[in-house]
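J.: Here it is, the structure, as structure tokens.
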Amino acid sequence: MVGVKVIGNDSEFQPELTAAGSRLAVVKFTMAGCRPCVRISPAFNMLSNKYPHVVFLEVDVHVCQATAAANNISATPTFLFFRNKVRVDLYQGADASGLEEKIKQHVENDPGSNEDSDIPKGYLLVTMAFNQPVKLYSMKLQTSDFAQAPKCVKIFINLPRSMDFDDAERSEATQTLDLAEEDFKDDGLIPLRYVKFQNVQSVTMFVKNNQGDEETTKINYLTFIGTPVQATNMNDFKRVRSGISTNRVSEYSTLDGTCLLQYVHNVLVEIV
């Protein structure tokens, strides 16, 4: 699982814990106007990408008052740790280092949470959220090694919750792409079905394999081209770019080796 799932109402909370199953679930209880909550928010988002096998949820105590009351939340930010729907730990405060140490303790105590032995080679799953709704026309991919470049790619938009590899494999995609060498040229753009990408708030990209059937699939740069939903003018085309660089490496161990994806966890939308 990658990304933070924001709980929209009380009825969503228990189903999310149920879906997490035996995986560690970290729930951030926050409140609008809480400065420590705002301060730790970027770190919480970063941790959700750094620990893809941990479920990260966010609950606003004013929006989900019954959930906050049931869990005896008296201060924000408060982080509760669950496994199999059972509360196993608590952390309070806006110290990102302390929070990560607590997460590490639970991850290290459950070796199975880091095992990716069931992941076929070449699999990658990337989720990106835009800071405003956009219409997308095309995308651009760059990689330093064509043999490790994505081949079969499934793209999903506006998912209500994060998906895992099994979900991505069996779910119907918004668009499926079979990429070739020309798609990775410097001047190459990969067209998207514009009618299906009209009001995009998030994109999840599942890479099923790579060009050379390598253990490692690598993306060095990913760009989406489109326009903001508001004030769209086809005569005044703007470029909406979601940048991914190589500042961080996420590793996925497989039966046959290691699957690497290099990307930045914070995706920035820039209108130029």
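Per our numbering, residue -3 is the first one in the sequence shown, and the count goes up by one each step.
Here a beta-carbon is modelled for each residue, glycine too, at the ideal position from N, C-alpha and C.
1. Could you check what DSSP says for Glu54 in three-state terms: helix, strand or coil?
2. Would you report the Cα separation of Asn68 and Leu13, rounded to the nearest angstrom?
3. Since Ala145 and Asn206 should fall inside the 8 angstroms C-beta cutoff, what is the C-beta to C-beta distance between them, to a whole number of angstroms?
4. With distances taken from CA atoms, which of Phe40, Leu218 and Val50 is nearest Ala90?
5. Going by DSSP, what residue range makes up the alpha helix (DSSP H) through Leu43?
6. To the nearest angstrom, how far is it from the Cα of Lys181 to the Cα of Gln138?
7. On the CB-based measure, 16 or more other CB atoms within 10 Å of its CB, does Thr63 come out buried or exposed?
8. In this structure, how does DSSP classify Gln194 when only helix, strand and coil are distinguished?
9. So the beta strand (DSSP E) Glu219 belongs to, where does it begin and stop?
10. Bridge partners for Val203 per DSSP, in chain order?
11. Within the continuous beta strand (DSSP E) that includes Ala21, where are the two ends?
12. Just mark Ser44 as buried or exposed, buried being the case when its beta carbon has 16 or more other beta carbons within 10 Å.
13. Starting from the Cα of Ser18, find the closest Cα among Cys33, Phe77, Val57 and Glu177 and give me that residue.
14. Report all residues from its chain with a CB closer than 6 angstroms to the CB of Lys204; omit the five preceding and five following residues, and keep chain order.
15. Please determine, among Asn195, Thr213, Tyr119 and Phe52, the residue with the shortest C-alpha to C-alpha distance to Asp163.
16. Assuming Thr219 and Phe152 make a contact with CB atoms under 8 angstroms, what is their CB distance in whole Å?
17. Alpha carbon to alpha carbon, how far is Ser158 from Leu173?
18. Determine, using beta-carbon pairs with one atom in the region 22 to 35 and one in the region 80 to 99, whether at least three such pairs fall under 8 angstroms.
19. Return the first residue and the last residue of the beta strand (DSSP E) that Lys100 is part of.
20. So is Ala16 buried or exposed if we call it buried at 16+ other beta carbons inside 10 Å?
21. When burial is assigned at 16 or more other CB atoms within 10 Å of the CB, is Val130 buried or exposed?
22. What are the residues that DSSP puts in a beta bridge with Phe77?
23. Give the range of the beta strand (DSSP E) segment to which Gln270 is assigned.
24. Check whether the Cβ of Lys131 lies closer than 7 angstroms to any heavy atom of the ligand SAH, and answer yes or no.
25. Select from Ala92, Val57 and Pro11 the residue whose C-alpha is nearest the C-alpha of Ala66.
26. Less than 8 angstroms between the beta carbons of Phe202 and Lys117, yes or no?
T.: Considering the structure as presented:
1. Glu54: strand per DSSP, three-state reduction.
2. Straight-line Cα distance between these residues: approximately 17 angstroms.
3. Taking a contact as a CB-CB distance under 8 angstroms, the pair Ala145 and Asn206 counts as one, their CB atoms being some 6 angstroms apart.
4. Residue Phe40 is the option with its Cα nearest to Ala90.
5. Note, Leu43: alpha helix (DSSP H), Arg31 to Lys46.
6. Between the C-alpha atoms of Lys181 and Gln138 there is a straight-line separation of about 8 angstroms.
7. Thr63 comes out buried.
8. For Gln194, the secondary structure class from DSSP, reduced to helix, strand or coil, is coil.
9. The amino acid occupying residue 219 in the given sequence is Thr; Glu does not appear at that position. Note, Thr219: beta strand (DSSP E), Tyr217 to Pro224.
10. Here Val203 is bridged, per DSSP, to Leu120 and Val149.
11. Note, Ala21: beta strand (DSSP E), Ala21 to Thr26.
12. Ser44 should be labelled buried.
13. For the residues Cys33, Phe77, Val57 and Glu177, the minimum Cα distance to Ser18 belongs to Phe77.
14. Contacts found: Cys148.
15. The candidate whose alpha carbon is nearest that of Asp163 is Tyr119.
16. The pair is not a contact, with the Cβ atoms about 18 angstroms apart (cut-off 8 angstroms).
17. Using only the alpha carbons, I get a separation of about 21 angstroms.
18. Under the 8 angstroms Cβ criterion, the region 22 to 35 counts as touching the region 80 to 99, having at least three qualifying pairs.
19. Element bounds for Lys100: not the beta strand (DSSP E) but the alpha helix (DSSP H), Ala92 to Glu104.
20. A residue is called buried when at least 16 other Cβ atoms come within 10 angstroms of its Cβ; Ala16 meets this threshold and is buried.
21. Buried, by the Cβ-count rule.
22. For Phe77, which the question treats as bridged, DSSP gives the partners Val22 and Asp85.
23. Summary: the structure shown does not reach residue 270, with the chain confined to residues -3 through 268, and so no result is reported for it.
24. Absence of the ligand SAH is noted for the structure shown, with no ligands found whatsoever.
25. For the set Ala92, Val57 and Pro11, the Cα lying nearest the Cα of Ala66 is the one of Val57.
26. Cβ atoms of Phe202 and Lys117: not closer than 8 angstroms.
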